[in-house]
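Undergrad: Residue numbers (the working numbering): 24 to 366.
Ideal Cβ positions, reconstructed from N, Cα and C, are used throughout, including at glycine.
Bear in mind the structure is a predicted one, so any value in this text is a computation, not a measurement.
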Ligand code: SF4
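What follows is the structure, given as structure tokens:
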């Protein structure tokens with residue numbers, strides 16, 4: 024059965040026209056799902072009963088099941104655990120910052136990249152999510168927020184999974200997040216993060232989209248990077264950086280390089296200097312993320328003065344650098360802490 028939330032408005036219009044109905048009914052269905060919070064086709068009372076029956080026989084209604092929801096102590100982060108139709112589980116995180124409501128979505132069950140510091144990739148990839156399974160994470164959270172007069176306004180593809188390895192589904196979800204009839208979130212408020220899948224970055228730069236692109240860099244050279252991101256063996260760092268430059272040129276968007284600081288591994292001054300040399304002259308920002316502990320991994324977060332010194336070395340070399348304040352650590356919702364879970 025086709026998933027309703029995998030269809031954009033044009034596709035739903037086409038499908039409805041094929042059923043011999045007026046295409047404008049598609050906008051009514053979208054309004055019920057994305058604005059009015061309908062729980063089933065039966066709720067769509069301005070549609071004829073026969074048509075509602077036809078819809079329910081052919082399209083599956085949003086079906087992501089909320090298994091658990093945990094708030095962080097500071098109230099700024101909420102982690103959601105969802106059950107998919109095949110019983111697999113994925114997580115999303117809502118991050119509140121002033122009046123900004125950002126959802127960090129998952130795009131795969133597990134992750135093929137197997138980054139050394141990350142809980143999501145520990146068991147590799149189980150399967151891709153469908154566009155609907157990505158969209159519904161945001162739909163459910165947006166419905167909750169609407170009840171208190173808030174809306175989701177930013178999306179980051181930084182949950183479980185490598186977005187470039189589920190490219191078509193991620194782009195379909197982006198089109199729904201951006202669609203005025205669905206979430207109406209500007210492309211500039213949507214961020215896709217990748218470990219550096221070169222063909223995906225090149226493809227994205229030709230899409231005429233203006234989403235933000237983030238490279239999970241984590242090391243200043245290929246040798247060290249291969250140890251931290253086993254997947255990086257497939258893609259030489261020089262090729263990735265060229266593809267990122269091309270993305271920046273084509274889309275006029277600044278590039279962000281994320282660098283997870285791991286004590287004794289990639290946090291020495293020589294690494295900071297090498298990183299500054301690597302990125303010299305690029306229109307970019309480096310976002311430093313001190314490692315967030317994951318059960319079963321014997322890695323450590325650097326001391327605060329090491330992090331400060333690393334940041335200062337980059338700033339002195341003229342690299343725009345931020346240090347991400349970690350939210351949601353107490354509920355394992357911080358970067359790299361979303362784990363593959365079983366019921
Ligand atoms: S950090 Fe991202 S890319 Fe790396 S294993 Fe985790 S989810 Fe995958």
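Using a Cβ-Cβ cutoff of less than 7 Å, which residues in the same chain neighbour residue 295 once the five nearest sequence positions on both sides are dropped?
TA: Excluding residues within five positions, the ones whose Cβ falls inside 7 Å are 333, 336, 337.
Undergrad: Is there at least one non-hydrogen atom of ligand 1 closer than 7 Å to the beta-carbon of residue 12?
TA: With the chain covering 24 to 366 only, the question about residue 12 has no answer from this structure.
Undergrad: Check whether the Cβ of residue 192 lies closer than 7 Å to any heavy atom of ligand 2, and answer yes or no.
TA: Within the structure as shown, ligand 2 is missing, the only ligands being ligand 1.
Undergrad: Less than 7 Å between C-beta atoms, sequence neighbours within five positions excluded: which residues of the same chain meet that for residue 346?
TA: If we look at residue 346 and ignore the five residues flanking it on each side, its Cβ neighbours are 311, 330, 334.
Undergrad: For ligand 1, any of its heavy atoms closer than 7 Å to the Cβ of residue 134?
TA: Correct: residue 134 has its Cβ closer than 7 Å to ligand 1.
Undergrad: Give, in chain order, every unbroken run of the beta strand (DSSP E) that is at least 3 residues long and sits entirely within the stretch 221-269.
TA: For the stretch 221-269, whole beta strand (DSSP E) runs of length 3 or above, ordered along the chain, are 235-239.
Undergrad: Would you identify the three-state DSSP class for residue 64, choosing helix, strand or coil?
TA: Note: residue 64 maps to helix in three-state DSSP.
Undergrad: Kindly identify the DSSP beta-bridge partner or partners of residue 94.
TA: 101, per the DSSP bridge assignment.
Undergrad: Consult DSSP for residue 133 and reduce its assignment to one of helix, strand or coil.
TA: DSSP places residue 133 in strand when its eight states are reduced to three.
Undergrad: Measuring CA to CA, which of 298, 28, 297 is closest to residue 155?
TA: Of the candidates 298, 28, 297, the one whose C-alpha sits nearest the C-alpha of residue 155 is 28.
Undergrad: Please tell me whether, using a cut-off of 7 Å, the distance from the CB of residue 223 to the nearest non-hydrogen atom of ligand 1 is below it.
TA: It does not: the Cβ of residue 223 is nowhere closer than 7 Å to a heavy atom of ligand 1.
Undergrad: Check whether the Cβ atoms of residue 254 and residue 136 sit closer than 8 Å, and answer yes or no.
TA: It is a contact, given that the beta carbons lie within the stated cut-off.
Undergrad: Which residue from 318, 324, 326, 343 puts its Cα closest to that of residue 145?
TA: Residue 318 is the option with its Cα nearest to residue 145.
Undergrad: Along the chain, where does the alpha helix (DSSP H) that runs through residue 280 open and close?
TA: No alpha helix (DSSP H) holds residue 280; the beta strand (DSSP E) holding it covers 278-284.
Undergrad: Is residue 215 near residue 193, with beta carbons less than 8 Å apart?
TA: Contact: yes.
Undergrad: Find out if the Cβ-Cβ distance for the pair residue 263, residue 223 is shorter than 8 Å.
TA: No, the pair does not count as a contact, with Cβ atoms beyond the cut-off.
Undergrad: Going by DSSP, what residue range makes up the beta strand (DSSP E) through residue 124?
TA: Unbroken beta strand (DSSP E) run through residue 124: 123-127.
Undergrad: Return yes when the C-beta of residue 226 is under 7 Å from any heavy atom of ligand 1, and no when it is not.
TA: The answer is no for residue 226.
Undergrad: Comparing C-alpha positions only, which one of 278, 141, 51 sits nearest to residue 238?
TA: Cα-wise, what sits closest to residue 238 is 278.
Undergrad: Pick out whichever of 123, 86, 45, 46 has its Cα sitting closest to the Cα of residue 64.
TA: Residue 86 is the option with its Cα nearest to residue 64.
Undergrad: Can you find a heavy atom of ligand 1 that lies under 7 Å from the Cβ of residue 176?
TA: Residue 176: no, Cβ never under 7 Å from ligand 1.
Undergrad: Restricting to Cα atoms, I'd like to know which of 241, 110, 272 is closest to residue 150.
TA: Residue 110 is the option with its Cα nearest to residue 150.
Undergrad: Leaving aside the five residues before and after residue 117 along the sequence, list all residues of the same chain whose C-beta is less than 6 Å from its C-beta, in chain order.
TA: These residues qualify, in order along the chain: 101, 126, 164.
Undergrad: Measure the alpha-carbon distance for residue 299 versus residue 152 and round it to whole angstroms.
TA: If you take the alpha carbons of residue 299 and residue 152, they lie about 37 Å apart.
Undergrad: Bridge partners for residue 118 per DSSP, in chain order?
TA: Answer is 100, 125, bridged to residue 118.
Undergrad: Can you give the Cα-Cα distance for residue 25 and residue 79, rounded to whole angstroms?
TA: Cα to Cα, the separation comes out at about 10 Å.
Undergrad: DSSP three-state label for residue 28, please.
TA: Helix.
Undergrad: Would the C-beta of residue 126 count as close to ligand 1, meaning under 7 Å from any of its heavy atoms?
TA: Not so, every heavy atom of ligand 1 lies at least 7 Å from the Cβ.
Undergrad: For residue 124, which of 143, 142, 166 has the nearest alpha-carbon?
TA: Minimum Cα distance to residue 124 is reached at 166.
Undergrad: For residue 88, does the three-state DSSP call read helix, strand or coil?
TA: Three-state DSSP puts residue 88 in a strand.
Undergrad: Please work out which residues of its chain come closer than 8 Å, Cβ to Cβ, to residue 292, disregarding the five sequence neighbours upstream and downstream, and give them in chain order.
TA: Cβ within range, chain order: 332, 333, 336.
Undergrad: Please report the straight-line C-alpha distance between residue 297 and residue 284, rounded to a whole angstrom.
TA: In a straight line, the C-alpha of residue 297 is about 14 Å away from that of residue 284.
Undergrad: When burial is assigned at 16 or more other CB atoms within 10 Å of the CB, is residue 290 buried or exposed?
TA: Flag for residue 290 reads buried.
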